[in-house]
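Participant:
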Amino acid sequence: MFEAWPRLAGLLQQARQRGGARTGVVYPMSFEALDAALAAHRDGLMQAVLYGPAPALQALADKHGLSLQGIEVVDTPDDPKACAARAVADCHAQAQPQGAGFAPLKALMKGSLHTDELLGAVVSRGGGLRTERRISHVFVFDIPAYHKLLSVADAVVNIAPDLKTKQSIVQNAVDALHQIGLAEPKVAVLAAVEGLNPNIAATVDAAALVQMQRSGQIQGARVEGAFGFDNAISARAARIKGIVSEVAGDADLLIAPDLNAGNILYKSFIYMAGAECAGVVLGASVPVILTSRADSVACRIASCALATLVAQDGS
């Protein structure tokens, strides 16, 4: 399945070696959601715990010839919000609904419920999984035309992030990249143009993020920008424009100015550049895998591997 994306295949191997994080699969009441979760479980990429109405889950599995043998199922009401609330509660170490042997979840995976139903439970002020960080998302892409894995943040969660939110977006993504083996990711902050233009807010934010990294407010990365997209991923384009940079042409992480730009970039990579990706929500106390009906099976499975790698305590 991953023959065309060997770098993503490497992430899967890392996750197998980690043992697979214990992952709550929330309301997987469609064939696509259930099949992907079971495939990732069988491949050792996560330890799936299914949350949903047990009789309906069994009926769905039987209908499509899927086996739930050996799979832990937490029976919940046939209500996506109640299901999400139970899974979120089971991420807390102090929760012991199954007795002394209970092991808390280390990651969550969206099934067939709406994204806001799952994230609403995650960010709830009463028993949710909030931290001091803002919630954000990162994609990790294997693009055949690029020389290494390339990540993009944020293309899913934050619509029009302010500077403080962008700081969390960068730090969340950098911390995740540390977990997949990048000691000091090279971060390119994107805008329509390179350099500082006071009339383009994205370039002003980029300059501020660079200073935050230099002053230690963003740690563990090299942050530069603003870059046009061409300068960020093409050393030749950067040379032509006279840009001297350790990041230009060799970026590990692209920071989008807003959700529109990030989402368009993500879909361009997939549909025009032959890329495949893994993606997770960061900033909560556990990573969250958000799947879409349009996601490929490979993306769903790779996202499970990525969540295992960024989960704080592994399995």
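Under the numbering used here, residues 1313 to 1627 are what the sequence shown spells out, in order. All C-beta atoms, glycine included, are put in the ideal place defined by N, C-alpha and C.
So, with DSSP's three-state summary, where would you put Met1358?
Facilitator: Locating residue 1358 in the sequence shown gives position 46, counting from the first residue. Strand, per DSSP.
Participant: So, with DSSP's three-state summary, where would you put Tyr1363?
Facilitator: Translated into the one-based positions of the sequence shown, residue 1363 becomes position 51. Reduced to three states, the DSSP call for Tyr1363 is strand.
Participant: If I measure Cβ to Cβ from His1459 and keep anything under 6 Å in the same chain, skipping five residues before and after, which residues do I get?
Facilitator: Looking up residue 1459 in the sequence shown gives position 147. No residues qualify anywhere along the chain.
Participant: What does Ile1601 pair with, by DSSP beta-bridge criteria?
Facilitator: Indexing the sequence shown from 1 puts residue 1601 at position 289. Beta-bridge pairing links Ile1601 to Met1421.
Participant: Taking 8 Å as the cut-off, does the region 1560 to 1568 touch the region 1424 to 1432 (at least 3 CB pairs, one atom from each stretch)?
Facilitator: no
Participant: Suppose the cutoff is 7 Å on Cβ atoms and the five residues either side in sequence are ignored; what does the same chain contact list for Ser1597 look like?
Facilitator: Here residue 1597 refers to the residue found at position 285 when the sequence shown is read from its first residue. Hits under 7 Å: Cys1403, Leu1441, Thr1443.
Participant: What does the alpha-carbon distance come out to for the pair Asn1484 and Ala1520?
Facilitator: Taking the first residue of the sequence shown as 1, we reach residue 1484 at position 172. Taking the first residue of the sequence shown as 1, we reach residue 1520 at position 208. Cα atoms of Asn1484 and Ala1520: separation of roughly 17 Å, rounded to the nearest angstrom.
Participant: Could you pull out every unbroken alpha helix (DSSP H) segment of at least 4 residues lying fully inside the region 1319 to 1358, listed in chain order?
Facilitator: Qualifying alpha helix (DSSP H) stretches, in chain order: 1343 to 1354.
Participant: Among the candidates Gly1493, Gly1554, Leu1462, whose CA atom is the shortest distance from the CA of Asn1543?
Facilitator: What you label residue 1543 is simply residue 231 of the sequence shown in a count that begins at 1. Minimum Cα-Cα distance from Asn1543 among the listed residues Gly1493, Gly1554, Leu1462 corresponds to Gly1554.
Participant: From Ile1552 to Ala1504, what does the alpha carbon distance come to, in whole angstroms?
Facilitator: Taking the first residue of the sequence shown as 1, we reach residue 1552 at position 240. Taking the first residue of the sequence shown as 1, we reach residue 1504 at position 192. Distance between the alpha carbons of Ile1552 and Ala1504 is about 17 Å.
Participant: Look at Gly1586 and Pro1456 and say whether their C-beta atoms are less than 7 Å apart.
Facilitator: Sequence index remark: in the sequence shown, residue 1586 carries index 274 (1-based). Sequence index remark: in the sequence shown, residue 1456 carries index 144 (1-based). Taking 7 Å as the Cβ cut-off, Gly1586 and Pro1456 qualify as a contacting pair.
Participant: In chain order, what residues of the same chain lie with their CB nearer than 6 Å to the CB of Val1535, ignoring the 5 residues before and after it?
Facilitator: Here residue 1535 refers to the residue found at position 223 when the sequence shown is read from its first residue. The residues are Val1499, Leu1521, Val1522, Gln1525.
Participant: What does the alpha-carbon distance come out to for the pair Phe1539 and Glu1506?
Facilitator: One-based indexing of the sequence shown puts residue 1539 at position 227. One-based indexing of the sequence shown puts residue 1506 at position 194. When the Cα atoms are used, Phe1539 and Glu1506 turn out to be separated by approximately 4 Å.
Participant: Please report how far the alpha carbon of Ala1550 lies from the alpha carbon of Leu1502, in whole angstroms.
Facilitator: The sequence position of residue 1550 within the sequence shown is 238, counting from 1. The sequence position of residue 1502 within the sequence shown is 190, counting from 1. Looking at the two C-alpha atoms, the distance is approximately 13 Å.
Participant: Please confirm whether Ala1617 and Leu1323 have their CB atoms less than 7 Å apart.
Facilitator: Counted from its first residue, the sequence shown places residue 1617 at position 305. Counted from its first residue, the sequence shown places residue 1323 at position 11. A contact, by the Cβ cut-off of 7 Å.
Participant: Specify the secondary structure class of Ser1463 as computed by DSSP and reduced to three states.
Facilitator: Here residue 1463 refers to the residue found at position 151 of the sequence shown. Here Ser1463 sits in strand by DSSP.
Participant: Can you tell me whether Val1338 sits near the ligand PLP, meaning its C-beta is under 6 Å from at least one heavy atom of the ligand?
Facilitator: Although the ligand PLP was asked about, the structure shown includes no ligands whatsoever.
Participant: Tell me whether the region 1375 to 1382 and the region 1391 to 1401 touch, counting them as touching only if at least three CB pairs, one residue from each stretch, are closer than 8 Å.
Facilitator: no
Participant: On a CA-only basis, which of Ala1327, Ala1333, Ala1514, Gly1532 is nearest Lys1478? Give me that one, please.
Facilitator: Here residue 1478 refers to the residue found at position 166 when the sequence shown is read from its first residue. Nearest in C-alpha terms to Lys1478, of all of Ala1327, Ala1333, Ala1514, Gly1532, is Ala1514.
Participant: With a Cβ-Cβ cutoff of 7 Å, do Gly1595 and Arg1437 count as a contact?
Facilitator: Residue 1595 sits at position 283 when you count from the first residue of the sequence shown. Residue 1437 sits at position 125 when you count from the first residue of the sequence shown. Contact flag unset, no.
Participant: Tell me the start and end of each unbroken alpha helix (DSSP H) in the region 1524 to 1561 that is at least 4 residues and wholly inside, in chain order.
Facilitator: 1541 to 1545, 1547 to 1552
Participant: Within 10 angstroms of the Cβ of Ala1316, are there 16 or more other Cβ atoms? Answer buried if so, exposed if not.
Facilitator: In the sequence shown, the residue the question calls residue 1316 occupies position 4. Counting Cβ neighbours within 10 Å, Ala1316 comes out exposed, since fewer than 16 surround it.
Participant: Below 8 Å CB to CB, which residues in the same chain sit around His1353 once its five sequence neighbours on both sides are set aside?
Facilitator: Here residue 1353 refers to the residue found at position 41 of the sequence shown. Around His1353: Gly1332, Gln1359, Ala1360, Ile1383.
Participant: By Cβ distance, which residues of its chain are closer than 7 Å to Asp1387, with the 5 residues on each side in sequence left out?
Facilitator: Indexing the sequence shown from 1 puts residue 1387 at position 75. Excluding sequence neighbours, Asp1387 sits near Pro1365, Ala1366.
Participant: Comparing C-alpha positions only, which one of Leu1577, Ser1480, Pro1510 sits nearest to Phe1451?
Facilitator: Translated into positions along the sequence shown, residue 1451 becomes position 139. It is Leu1577.
Participant: Nearest-angstrom Cα distance between Leu1417 and Ser1463?
Facilitator: For this step, residue 1417 is matched to residue 105 along the sequence shown. For this step, residue 1463 is matched to residue 151 along the sequence shown. Note on geometry: alpha-carbon atoms of Leu1417 and Ser1463 lie some 26 Å from one another.
Participant: Report buried or exposed for Ile1471, applying the criterion of at least 16 other Cβ atoms within 10 angstroms of its Cβ.
Facilitator: Here residue 1471 is taken as the residue at index 159 of the sequence shown, counted from 1. Counting C-beta atoms within 10 angstroms of its own C-beta, Ile1471 has fewer than 16 neighbours from the protein chains shown and is therefore classed as exposed.
Participant: Could you spell out where the beta strand (DSSP E) holding Cys1616 opens and where it closes?
Facilitator: Counted from its first residue, the sequence shown places residue 1616 at position 304. Unbroken run through Cys1616 is the alpha helix (DSSP H), 1609 to 1622; no beta strand (DSSP E).
Participant: Alpha carbon to alpha carbon, what distance is there between Ile1492 and Leu1431?
Facilitator: By one-based count along the sequence shown, residue 1431 stands at place 119. By one-based count along the sequence shown, residue 1492 stands at place 180. C-alpha separation (whole angstroms): 24 Å.
Participant: Hey, out of Met1421, Arg1319, Met1341, Asp1391, whose CA is closest to Val1593's CA?
Facilitator: Position 281 of the sequence shown holds residue 1593. Residue Met1421 is the option with its Cα nearest to Val1593.
Participant: Quick check on Pro1497: buried or exposed, where buried means 16 or more other Cβ atoms within 10 Å of its Cβ?
Facilitator: Position 185 of the sequence shown, counting from 1, holds the residue named residue 1497. Classification of Pro1497: buried, given that the 10 Å Cβ count is 16 or more.
Participant: What does a CB cutoff of less than 6 Å around Ile1530 pick up in its chain, not counting 5 residues either side in sequence?
Facilitator: Here residue 1530 is taken as the residue at index 218 of the sequence shown, counted from 1. Around Ile1530: Val1482, Gln1483, Met1524.
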